[in-house]
Amino acid sequence: MAQDSADQSSGEDSDGGDRLPISRRSVMQTAAVTGTAAAFGGIAGADRRQAQPFELGGRTQGWEGRAPDAITDETNPTLELETGQTYVVIWENLDGAPHDFTILDADGNELQGTETMNNEGETRRLEFEATEEMAEYYCSVHPGSMRGDIQLAGQDGGDGAGQGQQLIPTGPTVGLATVAEGLTSPVGFEVAPEDQDRRFIVDQTGQIYVHGPNGLQDQPFMDISDRIVELGVEEAGGFDERGLLGLAFHPDFSNNRRFFVRYSAPRGSVTPATFDHTFVLAEFQASEDLSTGNPDSERRLLQIPQPQFNHNAGPIAFGPDGFLYVTVGDGGGADDNGMGHTVDWYAGTTGGNGQNTVHTLLGGILRIDVDNQELGNPYAIPDDNPFAGTVQEDGGEEGEDGGGGDGGDGDRAPKQPVEVEGLAEYYAWGMRNPWGMSFTDDGQLLAADVGQNLLEEINHVQMGGNYGWNVKEGTHCFSTEDPSQPPMNCPSSTAGYVRGGEELTDPVIEYPHQYGGETIGISIIAGHMYNGSVSVLQGSYVFGDWSTSFQEPGGSIFVSTPPEGWPDGGEVQQSLADQTDMDSDIFQEELWENVWGIEEVQVQGEGDLVGDDGQLNRFILAFGEDANGEVYVLTTQNNTPTGNTGAVHRIVSGGGGGGGGGGDGGGGGS
33 MAQDSADQSS GEDSDGGDRL PISRRSVMQT AAVTGTAAAF GGIAGADRRQ AQPFELGGRT
93 QGWEGRAPDA ITDETNPTLE LETGQTYVVI WENLDGAPHD FTILDADGNE LQGTETMNNE
153 GETRRLEFEA TEEMAEYYCS VHPGSMRGDI QLAGQDGGDG AGQGQQLIPT GPTVGLATVA
213 EGLTSPVGFE VAPEDQDRRF IVDQTGQIYV HGPNGLQDQP FMDISDRIVE LGVEEAGGFD
273 ERGLLGLAFH PDFSNNRRFF VRYSAPRGSV TPATFDHTFV LAEFQASEDL STGNPDSERR
333 LLQIPQPQFN HNAGPIAFGP DGFLYVTVGD GGGADDNGMG HTVDWYAGTT GGNGQNTVHT
393 LLGGILRIDV DNQELGNPYA IPDDNPFAGT VQEDGGEEGE DGGGGDGGDG DRAPKQPVEV
453 EGLAEYYAWG MRNPWGMSFT DDGQLLAADV GQNLLEEINH VQMGGNYGWN VKEGTHCFST
513 EDPSQPPMNC PSSTAGYVRG GEELTDPVIE YPHQYGGETI GISIIAGHMY NGSVSVLQGS
573 YVFGDWSTSF QEPGGSIFVS TPPEGWPDGG EVQQSLADQT DMDSDIFQEE LWENVWGIEE
633 VQVQGEGDLV GDDGQLNRFI LAFGEDANGE VYVLTTQNNT PTGNTGAVHR IVSGGGGGGG
693 GGGDGGGGGS
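Heads up: the sequence shown begins at 33 in the numbering used here, then just goes up one per residue.
Here's what the structure looks like:
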């Protein structure tokens, strides 16, 4: 899912090795210790000549306060310091994920910190003197979830987001009308090409529900929860990106009753024992009256071994050309590196499923013809796919080094083209975790790609496009050695011997996780070009971000207007670069000159849906569009696929929040 982002994706991952200190960092003291301090007294009454201690536990969901008593059991506690006083922070890795502890100034510059460690139970120690520029602390590997304030004596406390400049200005105000609730983790919203007033809601736990004129039906349209891998990753605190992730109805559904789903199945014969699960794309058939889906009608079209639990992507959609488009993540983990990740053409980074189109189907968007079969596969390849070609007898590579494409009846890999450039299913590549895509009225494809440490992006996806991962993260260069510090230089195209030296295409929309101390978001959610009834959104692309925090719900809705004449031409009139007025030593703001400007939508709603500050008190999982062009926001209050707080809200004019109307209502759910 997005949360890998929203993977735990909150820009969540890094490789297993220690992160090298970056040039801005001045580490005063860092050393591994074998245990934690035995006792911690109160800060105020301690001897000022001795280093005053703080003890923290580091886990992906957030820093855990341990000592002194004032911060015990607090998540991302505020550290109260006095300028000129010496302090020591001793922290323990609690979950075996890569973490470091870094102190920042108000502009987000790193002042001091420890090296990265990724062994559970290991500890690090940082001794430092408090200075007036210290503003907050974070883990650079998980900057969205592991972040807290530093309060200096005589200053007001912060809010965990720093005191920096606002990069994204305030945009239009809309309302949210809740039309369905009682779900667990709604990740998809589709309408079928039929004459019925129905909307289909996909719940990550394995159910597809129908929302009709009288609200959400009690019984699901189809339930395949028994075919999905057991959800809830213990090491991630129950967070999970696997499940039932995509739904698409055949363009002739009303006659042929065919629909397609994308879900995460347990390992089978096609998946190595060391891998996590199997990506399944399957076809089902509805009943004669189209009222229910038949689980027994399953026909698996494509299976891909998935090495990790995250970066699954998932959404699928039929394009205006009648072919099925399938999003596929890079295999998970961090950096597009490690077990299940191939090598690619670029020596500047390690790993590279996103750039290797020959040995794996991980890391891009696929396009297949589900109305025909060829080469022993239960689908055909469109003639104009970039790598459509002749047959390779050995079926391509798969397994721990490639995560290659498997399909057919699930017992063997499909035959693949012999073209050295890539596998025939590919439509576009160079992606990390494309969470969501949609077609505009004129057939343009816009897709999100969830970033790692620094940036989130929306791409205008075109056939044969390479969108840069893991050579680049968005418009910026990427380093597997130090993911939080983008290199100044990297290639703008592949090597000449790789698919003819193709261009690495930059996104049309991009924003950083943090800017000037402000938390903007941590896991992008694709949306739709708006065609509904809210006039202030007309002609704009509506999308969002999962949350500003991993542990607390705080989703954001954004709007961006393409340049006049897009996609055929026209210059960007308002770019993200125009919204900056301060230098950054992390981001090259000139790279944002062709990135569309963004505004944050202000939200109104009833109950606890929206806070007094206009912040949405929900995690955003997905956006959907109905037959009338109205856009819906799919949310939950939990960062795990549990409970019944999942809900669907229609975007309405400002002041129009509340509980439905027009036959919409709650009920049902799982």
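All C-beta atoms in this analysis are idealised placements derived from N, C-alpha and C, irrespective of residue type, glycine included.
Counted within 10 angstroms of its Cβ, other Cβ atoms place F651 as buried (16 or more) or exposed: Residue 651 sits at position 619 when you count from the first residue of the sequence shown. Buried, by the Cβ-count rule.
Leaving aside the five residues before and after S524 along the sequence, list all residues of the same chain whose C-beta is less than 8 Å from its C-beta, in chain order. As a first step, residue 524 is located in the sequence shown; it is residue number 492 there, counting from the start. So the qualifying residues of the chain are E535 and L536.
Would you decide whether V684 is buried or exposed? Buried here means 16 or more other CB atoms lie within 10 Å of its CB. To locate residue 684, count along the sequence shown from 1; it is residue 652. Answer is buried; the Cβ neighbour count reaches 16.
Assuming contact is defined by CB atoms lying nearer than 8 Å, are E542 and T507 in contact in what I supplied? For the purposes of this step, residue 542 is identified with residue 510 of the sequence shown, where counting begins at 1. For the purposes of this step, residue 507 is identified with residue 475 of the sequence shown, where counting begins at 1. Their beta carbons are under 8 Å apart, which means E542 touches T507 by this criterion.
Do F341 and N671 count as a contact pair if the criterion is CB distance below 8 Å? If you number the sequence shown from 1, residue 671 lands on position 639. If you number the sequence shown from 1, residue 341 lands on position 309. Contact flag unset, no.
If we count the other Cβ atoms within 10 Å of its Cβ and call it buried at 16 or more, is R290 buried or exposed? Working through the sequence shown from its first residue, we reach residue 290 at position 258. Answer is buried; the Cβ neighbour count reaches 16.
For G351 and I397, what's the separation of their Cα atoms in angstroms? Here residue 351 refers to the residue found at position 319 of the sequence shown. Here residue 397 refers to the residue found at position 365 of the sequence shown. Spanning the two alpha carbons is a distance of roughly 12 Å.
Closest residue to L199 among T612, E638 and E621 (Cα-Cα distance): Numbered from 1 along the sequence shown, position 167 holds the residue referred to as residue 199. Taking only the C-alpha atoms, the option nearest L199 is T612.
From the DSSP output, in three-state form, read off D101 for me. Here residue 101 is taken as the residue at index 69 of the sequence shown, counted from 1. The DSSP-derived three-state label of D101 is helix.
Provide the residue(s) that pair with R332 in DSSP beta bridges, ordered along the chain. Here residue 332 refers to the residue found at position 300 when the sequence shown is read from its first residue. Paired residue(s): A314.
Give the DSSP-derived three-state secondary structure of A297 in the structure shown. Looking up residue 297 in the sequence shown gives position 265. Strand at A297.
Does S286 come out as helix, strand or coil in the three-state DSSP assignment? Counted from its first residue, the sequence shown places residue 286 at position 254. Helix at S286.
Could you spell out where the beta strand (DSSP E) holding Y119 opens and where it closes? Stepping through the sequence shown from its first residue, residue 119 is reached at position 87. T118 to N125 is the span of the beta strand (DSSP E), which, as asked, contains Y119.
Could you pull out every residue in the same chain whose Cβ sits closer than 6 Å to the Cβ of N385, ignoring the five residues on either side in sequence? Walking along the sequence shown from the start, residue 385 turns up at place 353. Same-chain partners within the cutoff: D362, G363, D368, H373, T374, T392, L394 and G395.
Inter-residue spacing [alpha-carbon to alpha-carbon] between S323 and V302: Taking the sequence shown and counting its residues from 1, one reaches residue 323 at position 291. Taking the sequence shown and counting its residues from 1, one reaches residue 302 at position 270. Cα to Cα, S323 sits roughly 33 Å from V302.
Pick helix, strand or coil for F481, following the three-state DSSP scheme. For this step, residue 481 is matched to residue 449 along the sequence shown. Here residue 481 is Asp; the residue named in the question, Phe, does not match the sequence. Correct three-state label for D481: strand.
Once you ignore the five residues that flank A379 on each side, which residues in its own chain have a CB closer than 6 Å to its CB? On the sequence shown, residue 379 is found 347 positions in, with the first residue counted as 1. Contacts found: none.
Could you spell out the range, first to last residue, of the beta strand (DSSP E) harbouring A268? Within the sequence shown, numbered from 1, the residue matching residue 268 stands at position 236. That residue, A268, is in no beta strand (DSSP E); it is neither H nor E in DSSP.
Let's test the definition: count the other Cβ atoms within 10 Å of the Cβ of N344 and tell me whether it reaches 16, buried, or not, exposed. Within the sequence shown, the letter at position 312 stands for residue 344. N344 is buried by the Cβ-count criterion.
Beta-carbon of A379 versus every beta-carbon of chain C: anything under 8 Å? Looking at the structure shown, chain C is missing, and only one protein chain is on hand.
Spatial distance of Q82 from E142 (CA atoms): Taking the first residue of the sequence shown as 1, we reach residue 82 at position 50. Taking the first residue of the sequence shown as 1, we reach residue 142 at position 110. Q82 and E142: Cα-Cα distance of roughly 25 Å.
Per the contact definition of three or more C-beta pairs closer than 8 Å, is the stretch 235 to 254 in contact with the stretch 665 to 681? These segments touch.
Between the C-alpha atoms of S572 and P298, what's the straight-line distance to the nearest angstrom? Locating residue 572 in the sequence shown gives position 540, counting from the first residue. Locating residue 298 in the sequence shown gives position 266, counting from the first residue. Distance between the alpha carbons of S572 and P298: 40 Å.
Give every residue of the same chain whose Cβ lies closer than 6 Å to the Cβ of E161, excluding the five residues on either side of it in the sequence, and list them in chain order. Here residue 161 corresponds to residue number 129 of the sequence shown, with the count starting at 1. Taken in chain order, the residues that qualify are T118.
So, helix, strand or coil for V604, using DSSP? Within the sequence shown, residue 604 is the residue found at index 572, counting from 1. Correct three-state label for V604: coil.
Let me know the secondary structure DSSP gives V302 once reduced to three states. As a working note, residue 302 is residue 270 in the sequence shown. Correct three-state label for V302: coil.
Who are the Cβ neighbours of G454 in its own chain at under 8 Å, not counting the five residues just before and after it? To locate residue 454, count along the sequence shown from 1; it is residue 422. Hits under 8 Å: T389, V390, P418, F419, W461 and R531.
Between the stretch 401 to 410 and the stretch 473 to 492, do three or more beta carbon pairs fall short of 8 Å? no
From the DSSP output, which residues share a beta bridge with T668? Taking the first residue of the sequence shown as position 1, residue 668 is located at position 636. Beta-bridge pairing links T668 to F651.
Buried or exposed (CB count within 10 angstroms, at least 16 for buried), T202: Residue 202 sits at position 170 when you count from the first residue of the sequence shown. By the neighbour-count rule (16 or more Cβ atoms within 10 Å), T202 is not buried but exposed.
How far does the beta strand (DSSP E) with M166 in it reach, from first residue to last? Translated into positions along the sequence shown, residue 166 becomes position 134. Looking at the DSSP string, the run of the beta strand (DSSP E) that includes M166 is M166 to Y170.
Between G627 and P539, how many whole angstroms is the CB-CB distance? I'm expecting something under 8 Å. Translated into positions along the sequence shown, residue 627 becomes position 595. Translated into positions along the sequence shown, residue 539 becomes position 507. Residue identity check: residue 627 is Val in the sequence provided, not Gly. About 7 Å; that satisfies the 8 Å criterion.
Which residues in the same chain as G643 place their Cβ atom closer than 6 Å to its Cβ, once the five residues preceding and following it in sequence are excluded? Your numbering for residue 643 matches position 611 in the sequence shown. Within the same chain, N649 come within 6 Å of G643 by CB-CB distance, once the 5 residues on both sides are set aside.
Using the rule of at least 16 other Cβ atoms within 10 Å of the residue's Cβ for burial, across every protein chain shown, is A70 buried or exposed? Here residue 70 refers to the residue found at position 38 when the sequence shown is read from its first residue. Per-residue confidence for A70 stands at a pLDDT of 30, beneath the threshold of 50, marking its modelled position as unreliable; no derived number is given.
Is M149 buried or exposed, if buried means 16 or more other CB atoms sit within 10 Å of its CB? By 1-based counting over the sequence shown, the position of residue 149 is 117. With 16 or more Cβ atoms within 10 Å of its Cβ, M149 is classed as buried.
Quick one, are the C-beta atoms of A314 and F292 less than 8 Å apart? On the sequence shown, position 282 is the one that residue 314 refers to. On the sequence shown, position 260 is the one that residue 292 refers to. Yes, they are a contact pair.
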